[in-house]
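Numbering (my numbering), first residue to last: 8 to 229.
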């Protein structure tokens, strides 16, 4: 999957334009965010009513959310472009352009995260924070599920891979899953105030991971 991502990013995919080459082509940064409908049927309890319990990222609650769908996508794209300007090979799922009939959205998210040097979930305040929690949780459970993670959070031993994951949220975002990201998986959770601050946080995290690969205890993925 790593090589497929690297090969596909310079090509236009659907509504996503081809991305210009970057200095660190092999340093993949997967940016996740609630900017399109996410299929969670398989993640909901068997007795759940999909019509009422499944979140839709295609329509925001305008009375409680600060962002419209297009603005969420724009924030993700601005962060991607900002990181790419700094040489990191940042991408969104739509930039790779794998058809959903080939691989469903949840499986794509997990595969992209596994293939990337760093994974960042950007969670702005939107009307449906349930969906934010479900998508973050599903990826972390599949990506980081090991024998050491069985049992209560206090006794869990997160795998080293956890250090490659960061969640960036606005201060107003409230989700029990976000608390579990740090308590259970020991992944980094940071807050941002605007697009520029979001880019700064993400760039700092990517630089930290790069240094850990070069001089620390994280393995290089290239």
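Think of the CB as a built atom: it goes at the ideal place given N, C-alpha and C, for glycine as much as any other residue.
Out of the options, state which residue places its alpha-carbon closest to the alpha-carbon of residue i.
{"i": "residue 199", "options": "221, 176, 217", "result": "176"}
{"i": "residue 78", "options": "12, 197, 202, 216", "result": "202"}
{"i": "residue 10", "options": "26, 30, 35", "result": "35"}
{"i": "residue 40", "options": "205, 222, 214", "result": "205"}
{"i": "residue 23", "options": "102, 120, 121", "result": "102"}
{"i": "residue 132", "options": "167, 94, 115, 82", "result": "82"}
When DSSP labels each residue in this structure, what does residue i get in the three-state scheme?
{"i": "residue 95", "result": "strand"}
{"i": "residue 103", "result": "helix"}
{"i": "residue 200", "result": "coil"}
{"i": "residue 116", "result": "helix"}
{"i": "residue 67", "result": "With a pLDDT of 41 at residue 67, under the threshold of 50, the modelled position of that residue is not reliable, and the figure given next carries that caveat. Note: residue 67 maps to coil in three-state DSSP."}
{"i": "residue 125", "result": "strand"}
{"i": "residue 210", "result": "helix"}
{"i": "residue 7", "result": "This structure leaves residue 7 out entirely; the chain is present only between 8 and 229."}
{"i": "residue 31", "result": "strand"}
In chain order, what residues of the same chain lie with their CB nearer than 7 Å to the CB of residue i, ignoring the 5 residues before and after it?
{"i": "residue 28", "result": "17"}
{"i": "residue 209", "result": "86, 90, 127, 175"}
{"i": "residue 19", "result": "25"}
{"i": "residue 178", "result": "198"}
{"i": "residue 229", "result": "33"}
Whole-angstrom Cβ separation of residue i and residue j, contact assumed at under 8 Å?
{"i": "residue 38", "j": "residue 99", "result": "6 Å"}
{"i": "residue 171", "j": "residue 216", "result": "6 Å"}
{"i": "residue 96", "j": "residue 32", "result": "5 Å"}
Please return the same chain residues whose Cβ sits closer than 6 Å to the Cβ of residue i, not counting the five positions on each side in sequence.
{"i": "residue 219", "result": "225"}
{"i": "residue 104", "result": "20, 21"}
{"i": "residue 227", "result": "220"}
{"i": "residue 8", "result": "118, 122"}
Once the 5 residues before and after residue i are set aside, which same chain residues still bring their CB inside 8 Å of it?
{"i": "residue 84", "result": "99"}
Could you spell out where the alpha helix (DSSP H) holding residue i opens and where it closes?
{"i": "residue 10", "result": "9-15"}
Quick check on the DSSP output: the beta strand (DSSP E) that includes residue i runs from which residue to which?
{"i": "residue 174", "result": "172-176"}
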